[in-house]
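Okay, structure first, notes after.
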Ligand SMILES: NC(=O)c1ccc[n+]([C@@H]2O[C@H](COP(=O)([O-])OP(=O)(O)OC[C@H]3O[C@@H](n4cnc5c(N)ncnc54)[C@H](OP(=O)(O)O)[C@@H]3O)[C@@H](O)[C@H]2O)c1
């Protein structure tokens, strides 16, 4: 690319949505001119995402034109200028599609569930492993067909756990049981008595809960945990679009005391030092068919808002991906 400037369409936050799912009043598309000579990331209100892109120019001699790279804080835009220390090269393995690097290969769940990367069956109770899942553990995963949950459940199955997931549609229940190897799955929109449904699916209690939704579901889980259970707090999507005073409270934290339950939040970025070994391991699982990758691709920069909204309506299966260039 000879020119030092490029026009790019990018999504940005125009105004804060205090309640409800953000819409086109809050998140807007604009066209900007980017200088390819710039050194820093411009403008703080650009939406950011985990992305794969191609290098078109680099001042860092470690990167050359045409190389494929991945970064977790790219602008949601057609072009971006990023510091090279935020980029990781990808060398797609045979038989592994590029979107897999954003879905099953982009989610570091091994360490969170409690896996030792090289010895899956051996318990490694090191500080940063939260779930500590082991063979035979009763594992519950909410938002189990989302980008994170669908991989977490399959990894737990690889480790020999009994895995149950909750989702918002019967179609997803079928998918988890028939394609992803879940032992059981239920539709939380139909089976709305969470205490009853957890009694039904966890007659022996819950050892590990991978929480993606928070709120009433987290409260119900705390009535069904076993002694020494681990709860990995990945997200609380049921509570995001509420002012904090109207979020669902969890009234039974006391259950954690006598059962000596450990609950810990985590951010995936804190586990990036495991990324390379994680990708190698997951490429093998993918090729051997032990993990199935699921994603939905929205085409065109202008589809971003639609793709974002799909996360809050139970309509997505697996990772939601936006493809901005053909
Ligand atoms: N800690 C981290 O580093 C990190 C990184 C990535 C994501 N996260 C969080 O992890 C969670 C899962 O992420 P993801 O990428 O897998 O999400 P995703 O693919 O966007 O899926 C989200 C799913 O949540 C379910 N959901 C939406 N609204 C809900 C509600 N009110 N109550 C219960 N379920 C609801 C929907 O499926 P169903 O209704 O069909 O179940 C939706 O498909 C999110 O909370 C996300 O914010 C955390």
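In UniProt numbering, the protein residues as written are 1 to 326. Quick reminder that beta carbons are idealized off the backbone N, C-alpha and C, glycines included. Quick caveat, the model's predicted, so the values are computed rather than measured.
Look at the alpha carbon of residue i and the alpha carbon of residue j, and state the distance between them as a whole number of angstroms.
i, j, result
"residue 175", "residue 58", "43 Å"
"residue 278", "residue 105", "8 Å"
"residue 151", "residue 295", "11 Å"
"residue 206", "residue 238", "21 Å"
"residue 252", "residue 300", "46 Å"
"residue 89", "residue 286", "20 Å"
"residue 51", "residue 305", "16 Å"
"residue 8", "residue 191", "46 Å"
"residue 69", "residue 280", "16 Å"
"residue 45", "residue 220", "37 Å"
"residue 55", "residue 78", "12 Å"
"residue 225", "residue 67", "47 Å"
"residue 116", "residue 15", "Low per-residue confidence applies at residue 116: pLDDT is 40, beneath 50, and the placement is therefore not dependable enough to give any value."
"residue 210", "residue 231", "6 Å"
"residue 222", "residue 60", "50 Å"
"residue 315", "residue 147", "12 Å"
"residue 135", "residue 158", "9 Å"
"residue 317", "residue 145", "6 Å"
"residue 217", "residue 275", "30 Å"
Please state whether the Cβ-Cβ distance between residue i and residue j is less than 7 Å.
i, j, result
"residue 162", "residue 195", "no"
"residue 257", "residue 229", "no"
"residue 361", "residue 213", "The question about residue 361 has no answer, for the chain in this structure spans 1 to 326."
"residue 188", "residue 166", "yes"
"residue 297", "residue 321", "yes"
"residue 47", "residue 81", "no"
"residue 160", "residue 141", "no"
"residue 103", "residue 319", "yes"
"residue 178", "residue 215", "no"
So what does DSSP say about residue i, is it helix, strand or coil?
i, result
"residue 233", "strand"
"residue 126", "Any reading at residue 126 is ruled out, since the residue's pLDDT is 26, under 50, leaving its predicted position unreliable."
"residue 217", "helix"
"residue 275", "helix"
"residue 294", "coil"
"residue 97", "coil"
"residue 180", "coil"
"residue 33", "strand"
"residue 255", "helix"
"residue 194", "helix"
"residue 147", "coil"
"residue 300", "coil"
"residue 153", "helix"
"residue 16", "coil"
"residue 140", "strand"
"residue 46", "strand"
"residue 211", "strand"
"residue 263", "strand"
Around the Cβ of residue i, are there at least 16 other Cβ atoms within 10 angstroms (buried) or fewer (exposed)?
i, result
"residue 64", "exposed"
"residue 282", "buried"
"residue 171", "exposed"
"residue 99", "buried"
"residue 267", "exposed"
"residue 227", "exposed"
"residue 132", "buried"
"residue 10", "buried"
"residue 20", "exposed"
"residue 37", "exposed"
"residue 198", "buried"
"residue 243", "exposed"
"residue 138", "buried"
"residue 264", "exposed"
"residue 164", "buried"
"residue 35", "exposed"
"residue 240", "exposed"
"residue 289", "exposed"
Is residue i near ligand 2, going by C-beta to nearest heavy atom under 6 Å?
i, result
"residue 237", "For the structure depicted, ligand 2 is absent and the ligand set comprises only ligand 1."
Check whether chain C comes within 7 Å of residue i, counting only Cβ atoms and requiring the distance to be less than that.
i, result
"residue 286", "Among the chains of the structure shown, chain C does not appear; only one protein chain is present."
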